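Novice:
Protein chains in written order, with the working numbering: chain L, 300 to 715; chain G, 151 to 458.
1. Does residue 269 of chain G get closer than 8 Å to chain L when you measure Cβ to Cβ?
2. Are any of the Cβ atoms in chain G nearer than 8 Å to that of residue 429 of chain L?
3. Mind pulling the beta strand (DSSP E) runs of 3 or more residues that sit fully within the stretch 307-368 of chain G?
4. Which residues of chain L have a Cβ atom closer than 8 Å to the Cβ of residue 400 of chain G, listed in chain order?
5. What do you reckon, are the CB atoms on residue 431 of chain G and residue 188 of chain G nearer than 8 Å?
6. Assuming residue 337 of chain G and residue 241 of chain G are in contact, meaning their beta carbons sit under 8 Å apart, how far apart are those beta carbons, in whole angstroms?
7. If we cut at 8 Å on Cβ distances, does residue 196 of chain G have a partner in chain L?
8. Taking CB distances under 8 Å as the criterion, tell me whether residue 307 of chain G reaches chain L.
9. Is there at least one Cβ from chain G nearer than 8 Å to residue 480 of chain L's Cβ?
10. Find the residues of chain L that neighbour residue 191 of chain G, judging by a C-beta separation of less than 7 Å, and give them in chain order.
11. Check whether the Cβ atoms of residue 660 of chain L and residue 575 of chain L lie closer than 8 Å to each other.
12. Could you give the DSSP three-state label for residue 436 of chain L: helix, strand or coil?
13. So residue 523 of chain L contacts chain G; which residues on that side make the cut at Cβ distance below 7 Å?
14. Taking the beta strand (DSSP E) that residue 567 of chain L falls in, what are its first and last residues?
15. How many Å lie between residue 335 of chain G and residue 484 of chain L at the Cα?
16. From the DSSP output, in three-state form, read off residue 420 of chain L for me.
17. Identify the contact partners of residue 489 of chain L in chain G, using a Cβ-Cβ distance below 7 Å as the criterion.
18. Just to confirm before moving on: does the CB-CB distance between residue 426 of chain L and residue 607 of chain L stay below 8 Å?
19. Thinking C-beta only, is residue 395 of chain L closer than 8 Å to residue 429 of chain L?
20. Using three-state DSSP, classify residue 325 of chain L as helix, strand or coil.
21. Run through chain L and tell me which residues come within less than 9 Å of residue 394 of chain G, C-beta to C-beta.
22. Does DSSP put residue 529 of chain L in a helix, a strand or coil?
23. Specify, as a first and last residue, the run of the alpha helix (DSSP H) that residue 386 of chain L falls within.
24. Taking Cβ to Cβ, would you say residue 404 of chain G is nearer than 8 Å to residue 209 of chain G?
25. Leaving out five residues on either side along the sequence, give the residues of the same chain with a beta carbon under 6 Å from the beta carbon of residue 690 of chain L.
26. Take the Cβ of residue 655 of chain L as the centre, count every other Cβ of all protein chains shown within 10 Å, and call the residue buried at 16 or more, exposed below.
27. List the residues of chain G whose Cβ lies closer than 7 Å to the Cβ of residue 348 of chain L, in chain order.
28. Run through chain G and tell me which residues come within less than 7 Å of residue 695 of chain L, C-beta to C-beta.
29. Output, in chain order, the set of chain L residues within a Cβ distance shorter than 8 Å of residue 423 of chain G.
30. Note the first and the last residue of the continuous beta strand (DSSP E) segment covering residue 443 of chain L.
31. Would you call the stretch 447-457 of chain L and the stretch 474-482 of chain L touching, i.e. three or more CB-CB distances under 8 Å?
32. Nearest chain L C-beta to residue 91 of chain G closer than 8 Å, yes or no?
33. Going by beta carbon distance, what residues of the same chain come within less than 7 Å of residue 581 of chain L, once the five residues before and after it are set aside?
34. I'd like to check one pair, residue 419 of chain L with residue 649 of chain L: are the Cβ atoms closer than 8 Å?
35. Between residue 374 of chain L and the rest of its own chain, which residues show a CB-CB distance below 6 Å, the 5 nearest in sequence each way excluded?
36. Using 8 Å as the limit for Cβ to Cβ distance, is residue 396 of chain L near chain G?
Shown next as structure tokens:
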């Protein structure tokens, strides 16, 4: 009896140690930013499920919400040799460490073996790395603009901003909203000051020179950033941010806006899905325009295609995973699947996306996008993670007067 | 036969060497490598060093000049003191009280120990909700008791001035309370076990001599519990230096306004978020030095008595 029991135990251990030998398909480790409350989380899950059912493969989904901590973790995984098989990540300077280390496979190399790979994408819209090579297959693009709570604005007697909205009008509206007992701007300066930073930088420059990175505090770009930080300080001192903006999380301030306690929120196209799922009355919300100042018009915004699917060298060199990884990216970036992700965002699809019927907020975004006259990428995507973390971490020090804007910009420059 | 086992020491090596190798590879080698990292320029985890810092002791100088590091040290020392006073103190009081009851002692042991088995992340999220600014449990209680000022606008809208439990005035309390609460049960169980190990004969003799409950505690329980208390204090002090998870979940990177750093959270932020691996290593060395120094002081101050 003991012998049989021992044999069974040994057999069980052997089976548990060699799952691959008995598994039908392979298991892919996938990391994306479609985690947390991302508006496309449900679409991503559905696409993964369809992939698993059609191939018999399994997907270990390590997706999370995109923020600086997540980016740092992904880069660390590459550096410690524990990168995923497929990664959906930023295609800008953030990707340079693992691209330059040769840890992802180029589109051309993949096409040598799989000629149809990513042929449904416009080559001109696929991101090119610093070495001039394309590595990632783009998914949907993004836009950043101003969400407004129409119910709050109506209660305060403030009109929904149009494409000619000016900074002075905005300040006057904020004062009215504050007097009425609402919070004018839903924003956590502790966690996500970067949306406002982009527009405040553009307000002190132009859409054309938005991507200029300062080499010193005194150059044109440096002065632009300093002016942007001064605008932050002015808004904070006027009491237009939530009372707990220095201690609140992004989730808290977004909920403040969603609950009808705040009027304005700058966020991205991914937030449309959040309000579609969580708003009590979706018709209370609309996409408007971030007020313009100086040479910038309110109809000029931030946007583009900043993320894409990478296949890592580790997966490519693994004969058992190569085809599974290629098939995964092909399915996730097919015309049909991307059409479920896209509502109002730009895509690189040759045939374009065919999103199903738009809800009121998506229609509002489409209307706002129709009036956009110029668009630029985000300048934060062109600086190093260290510089970004330092700059955004210091915004709270600038608004409270513990640090001058000049010192904050200088500190970021030294880390870039 | 048995004497042969004790004389022949070589079998002991079979058991000791693997454990030593494991510790060497996963503890001592990384520890010494970490010391080396403090003088190197390393721009990210896993990245090769770009040579020596200039000067090589740059990070150690920065350690003394960095205002955030001073904040982290101050907060960690406050946490250490609070840990000794409140964690061990409350645990001792609870242990003495539970020892006096005849019914339900096991129930209270389980109840007080329970927070230990819950993950710090879950506890952090729970306390985030308890201390939430708008609509958090504590603020709702204060509002219902009329302790929060509010204003009624002409439109009829009520504006409540919620209390920000994470602002400069309250963050220390909000950070320390969950940490204290989580580990009281740990020391409670150790102390209750210590009290149970005291012979009942002594208490019975004291009772026959007419000693009251308080006197029995003062002259029998506490002196005989001294060694257990010493162990608890050393554990509490060294444990306080390593606190990381709960404050990180609740406060993240130095909230509020870089006033909420602890040595553990600051080291993590520098290493993993700021990619400043060499400076993070230097903070880690400081934590080890502090741990060794403080636990030595604690060992000397609370030296176990050999008479017990």
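The beta carbon of each residue, even a glycine, is placed where N, CA and C say it ideally should be.
Source: prediction; values computed, not measured.
Specialist: In this structure, then:
1. no
2. no
3. 308-310
4. Ordered by position in chain L, no residue passes the 8 Å Cβ test against residue 400 of chain G, which lies about 10 Å from the chain.
5. yes
6. 4 Å
7. yes
8. yes
9. yes
10. Ordered by position in chain L, no residue passes the 7 Å Cβ test against residue 191 of chain G, which lies about 13 Å from the chain.
11. yes
12. strand
13. In chain order: nothing, as chain G lies at least about 25 Å away.
14. 561-567
15. 43 Å
16. strand
17. 405
18. yes
19. yes
20. coil
21. The premise fails here: residue 394 of chain G is roughly 14 Å from chain L at the closest Cβ pair, so nothing lies under 9 Å.
22. helix
23. No alpha helix (DSSP H) contains residue 386 of chain L, which is instead part of the beta strand (DSSP E) from 385-389.
24. no
25. 711
26. exposed
27. Result: empty, since nearest Cβ-Cβ is about 28 Å, beyond 7 Å.
28. 407
29. 367, 368, 371 and 688
30. 441-448
31. yes
32. Within the shown structure, residues of chain G are numbered from 151 to 458, placing residue 91 of chain G beyond reach of any answer.
33. 574, 575, 658, 659 and 660
34. yes
35. 396
36. yes
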